[in-house]
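Heads up, the sequence shown is in the UniProt record's numbering, so the first residue is 1 and it goes up one at a time.
For reference, the structure discussed in these notes is given below.
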Amino acid sequence: MAKIILTTDVANLGGPGDIVEVKDGYARNYLLPRGYAIVASKGAEKNVRTIQRAQESRRIRDLDHAKEIKATLEGLGAIQLTGKAAEGSKKLFGSITAGEIVDAIKAAGGPLLDKRVIELRDHIKTVGKHSVGARLHPDVKVDVRLEVKASQ
Numbered sequence: 001m002a003k004i005i006l007t008t009d010v011a012n013l014g015g016p017g018d019i020v021e022v023k024d025g026y027a028r029n030y031l032l033p034r035g036y037a038i039v040a041s042k043g044a045e046k047n048v049r050t051i052q053r054a055q056e057s058r059r060i061r062d063l064d065h066a067k068e069i070k071a072t073l074e075g076l077g078a079i080q081l082t083g084k085a086a087e088g089s090k091k092l093f094g095s096i097t098a099g100e101i102v103d104a105i106k107a108a109g110g111p112l113l114d115k116r117v118i119e120l121r122d123h124i125k126t127v128g129k130h131s132v133g134a135r136l137h138p139d140v141k142v143d144v145r146l147e148v149k150a151s152q
């Protein structure tokens, strides 16, 4: 059995910062190579608190907290994003990711969110106005308006 510290949520095993024991092969062949876990050691156990503090800052605590965040997001208006595009073209070279959306919300003065709350219905590959969903709580969902501009 291998003692490991999880760095992300792993189904049926635990969440970030949890110290768990799993079979050696599962840890060596699946969890460690994908970065889902690190080997437990005294130094690594000190990092557990850092991982848990980072997760706590992004976590939505309860229904009332989710409603507060929803009101904040609705008050921000359209979130400004830039993507690389050819000159004179409306098509982006790549697509806008959930991580970029979360960073743009934070830069616009919004709350720090986990990128997993963003629900991209379709890939955002064009310049213009778009809307994405954010599931803050099982009972609270908000649409976030985005305005994507081109940068050369």
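Where is the CB? At the ideal position from N, CA and C, for every residue including glycine.
### Query
Based on the DSSP output, what are the partners of residue 65 in its beta bridges?
Reading the sequence shown from its first residue, position 65 is the one you call residue 65. Paired residues: none, contrary to the question.
### Task
Could you tell me which of 129, 97, 13, 107 sits nearest to residue 118, measuring between CA atoms?
If you number the sequence shown from 1, residue 118 lands on position 118. It is 97.
### Query
What number of angstroms, rounded off, separates the C-alpha of residue 12 from the C-alpha of residue 26?
As a first step, residue 12 must be located in the sequence shown, where it is residue number 12. As a first step, residue 26 must be located in the sequence shown, where it is residue number 26. For residue 12 and residue 26, the distance between alpha carbons rounds to 13 Å.
### Query
residue 78 and residue 125 look like a contact to me (Cβ under 8 Å); what is the Cβ gap, rounded to whole Å?
Counting from one through the sequence shown, the residue named residue 78 turns up at place 78. Counting from one through the sequence shown, the residue named residue 125 turns up at place 125. So it is not a contact: roughly 18 Å between Cβ atoms.
#### Entry: Entirely enclosed beta strand (DSSP E) segments - the UniProt domain "Ribosomal protein L9" (14 to 41), minimum 3 residues
Runs found: 19 to 22, 37 to 39.
### Message
Between the alpha carbons of residue 132 and residue 1, how many angstroms are there, rounded?
### Response
Working through the sequence shown from its first residue, we reach residue 132 at position 132. Working through the sequence shown from its first residue, we reach residue 1 at position 1. The straight-line gap from Cα to Cα measures roughly 43 Å.
### Query
What is the DSSP secondary structure of residue 77, reduced to helix, strand or coil?
Along the sequence shown, one-based indexing puts residue 77 at 77. Of the three classes helix, strand and coil, the one that applies to residue 77 here is coil, per DSSP.
### Task
Confirm, please, whether the CB-CB distance from residue 18 to residue 31 is below 9 Å.
Here residue 31 refers to the residue found at position 31 of the sequence shown. Here residue 18 refers to the residue found at position 18 of the sequence shown. In this structure, residue 31 sits away from residue 18, with a CB-CB distance that is not shorter than 9 Å.
### Task
Write down every uninterrupted run of the alpha helix (DSSP H) in the segment 63 to 151 whose length is 4 residues or greater and which is fully enclosed by it, in chain order.
Unbroken alpha helix (DSSP H) runs of no fewer than 4 residues, entirely contained in the segment 63 to 151, are found at 63 to 76, 98 to 107, following chain order.
#### Entry: Nearest-angstrom beta carbon gap, residue 127 and residue 85 [assumed within contact, 8 Å]
Within the sequence shown, the letter at position 85 stands for residue 85. Within the sequence shown, the letter at position 127 stands for residue 127. The distance from the Cβ of residue 85 to that of residue 127 is about 6 Å, consistent with a contact at the 8 Å cut-off.
### Task
Work out the CA separation of residue 65 and residue 71 for me, nearest whole Å.
For this step, residue 71 is matched to residue 71 along the sequence shown. For this step, residue 65 is matched to residue 65 along the sequence shown. The alpha-carbon atoms of residue 71 and residue 65 are separated by roughly 10 Å.
### Query
Per the contact definition of three or more C-beta pairs closer than 8 Å, is the segment 131 to 151 in contact with the segment 108 to 118?
They touch, by the three-pair rule.
### Query
For residue 89, which of 122, 150, 74 has the nearest alpha-carbon?
Residue 89 sits at position 89 when you count from the first residue of the sequence shown. When each option's Cα is compared against that of residue 89, the closest is 150.
### Query
Under 9 Å between the Cβ atoms of residue 101 and residue 73?
Your numbering for residue 101 matches position 101 in the sequence shown. Your numbering for residue 73 matches position 73 in the sequence shown. It is not a contact, given that the beta carbons lie outside the stated cut-off.
### Query
What does DSSP give as the partner residues of residue 51 in its beta bridges?
Reading the sequence shown from its first residue, position 51 is the one you call residue 51. Answer is none; residue 51 lacks a bridge partner.
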